[in-house]
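Per my numbering, the sequence shown starts with residue -6, numbered consecutively.
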Amino acid sequence: MQYLIHYAPALAAKDSSSTKDQSNNEDPFAHPVPELTVLDDLNGTGSYQLLLNKFPVVPEHVLLVTKQFESQSDALSPEDLVATYQLLCKMDDEDENKRHMAFYNSGPASGSSQDHKHLQLFQLPSNFIPLQDKICSGKEHFLPGFNAEPLQDAKVSFAHFVLPLPESSDEVDEDLLAMCYISLLQRALTFFQDWTNERPDLKKSYNVLLTKNWICVVPRSKSVAEIEDEDTETMHLGINATGYAGMILAKDEAIYNKIVGEPRVIDQALLNCGFPNTSGQKPTEYHY
Ligand code: B4P
């Protein structure tokens, strides 16, 4: 799995102030400032606004936010999915050298910090190949069924469920996206069912990653990985959906040096915040 590490120490300072915002229960998306508002009504339905991210690590990182408050723990609706897919297509079509990824951090262990429903979209760095690209390479679109489980790469430690999307965007509509999403979500929710006895504290959380080519769902057990080091105290690495495509955000030098010096800790951290890989396992009648 290819990794791309962003090192952004300035964001460590943001954490303490945004925590303060959270304790005040402020919703930054309720009354967005005009400077960050790209479109007040994304597609003429009055359902979504498009905002610039106030704390971007990569350029042109935008947020697709519901106009009315909805919870970030709610499932994505077919309307959410198709609005996101259409936006991805528009952004990709603007420049054939650019490709974009959308993601949704849902639930308390997913890495999300804002409870007002939002998806995020940004340009994938050039020359970077997300894990899901490799998994879907040469594969045709299919829907999971009795004999066809979603794709999962057996070589990584963590559970992830991927479906290739049809090559032509004309074949992708609300129904198809909803069927893909629900079938992947079922696999993710099965983990919480299976782990109820062992970890009763687990709260349903997952990440969705979407490009024009594929959709992926990753069940999450916690938002911050603990990384042990012989010489220093335990280090902490926050992981959101981007981590499960191979993009890691390091906010302090010690953690940056650790993961660059010992890249295998990334796979351990992704497992620490997710669930064990289930590649090759068949679902049973007890699964969702
Ligand atoms: P969430 O889904 O709630 O959380 P997140 O993306 O994990 O970012 P978080 O807020 O936890 O910050 P973090 O330090 O981990 O998304 C909330 C979004 O709203 C974020 O994009 C946030 O920046 C944005 N936001 C908050 N207040 C806002 C306001 N007043 N107006 C507009 N937008 C506001 O990560 C910091 C940033 O780096 C985030 O943008 C995150 O998405 C991005 N990031 C994390 N890992 C990355 C990676 N590997 N590569 C590139 N970018 C990465």
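C-beta atoms are modelled at their ideal positions from N, C-alpha and C, and glycine is treated no differently. Small disclaimer: the values here were computed from a predicted structure and weren't measured.
Is it buried or exposed, residue i, if we count other Cβ atoms within 10 angstroms and call 16 or more buried?
i	result
serine 176	buried
valine 34	The residue you asked about is not valine; residue 34 is aspartate in the sequence shown. By the neighbour-count rule (16 or more Cβ atoms within 10 Å), aspartate 34 is not buried but exposed.
valine 26	exposed
aspartate 304	Lying before the first or after the last residue shown, residue 304 is absent from the chain, which here runs from -6 to 281.
leucine 136	exposed
serine 64	exposed
glutamine -5	exposed
alanine 95	buried
asparagine 190	exposed
glutamine 30	According to the sequence provided, residue 30 is threonine. The question's glutamine does not apply to it. Exposed, because fewer than 16 other Cβ atoms sit within 10 Å of the Cβ of threonine 30.
aspartate 14	In this predicted model, aspartate 14 has a pLDDT of only 48, less than 50, meaning its place in the structure is not dependable; the value taken from the coordinates is given anyway. Exposed, since its Cβ has fewer than 16 Cβ neighbours within 10 Å.
arginine 257	exposed
glycine 231	buried
lysine 83	exposed
Could you check which residue in the options has the C-alpha nearest to that of residue i?
i	options	result
methionine 228	Gly273, Lys205 and Ile259	Ile259
serine 198	Gln179, Asp146 and Leu136	Gln179
alanine 23	Gly37, Thr38, Gln42 and Asn36	Gln42
isoleucine 241	Asp224, Glu223 and Ala218	Ala218
threonine 235	Gln125, Asp67 and Leu44	Gln125
glutamine 292	Glu221, Lys244 and Thr225	The requested residue 292 does not occur in the structure, where the chain is confined to residues -6 to 281.
proline 118	Leu202, Asp73 and Pro52	Pro52
proline 21	Phe48, Gly37 and Glu133	Phe48
glutamate 167	Ser70, Pro269 and Gly273	Ser70
leucine 74	Glu89, Val201, Leu263 and Ile248	Val201
glycine 138	Ser130, Leu156, Pro123 and Asp146	Leu156
asparagine 265	Gln61, Asn233 and Ser106	Asn233
What are the boundary residues of the beta strand (DSSP E) that includes residue i?
i	result
threonine 30	30 to 32
methionine 343	Residue 343 lies beyond the stretch modelled for the chain, which goes from -6 to 281, so this question has no answer here.
alanine 234	Alanine 234 -> no beta strand (DSSP E), and no H or E assigned at all.
tyrosine 97	93 to 99
threonine 38	Where threonine 38 is concerned, there is no enclosing beta strand (DSSP E), given that its DSSP letter is neither H nor E.
leucine 56	55 to 59
isoleucine -2	-3 to 0
alanine 147	Unbroken run through alanine 147: none, as it is neither H nor E.
glutamine 113	111 to 116
List the endpoints of the continuous alpha helix (DSSP H) containing residue i.
i	result
proline 71	71 to 87
methionine -6	First-last for methionine -6: undefined, no H or E at that position.
isoleucine 208	First-last for isoleucine 208: 207 to 212, but that is the beta strand (DSSP E), not the alpha helix (DSSP H).
isoleucine 248	246 to 254
For this session: State whether the stretch 101 to 112 contacts the stretch 204 to 224, with contact taken as three or more CB pairs (one from each stretch) at a distance under 8 Å.
Result: yes
Exercise. Taking contact to mean at least 3 C-beta pairs separated by less than 8 Å, is the stretch 105 to 119 in contact with the stretch 44 to 63?
Worked result: yes
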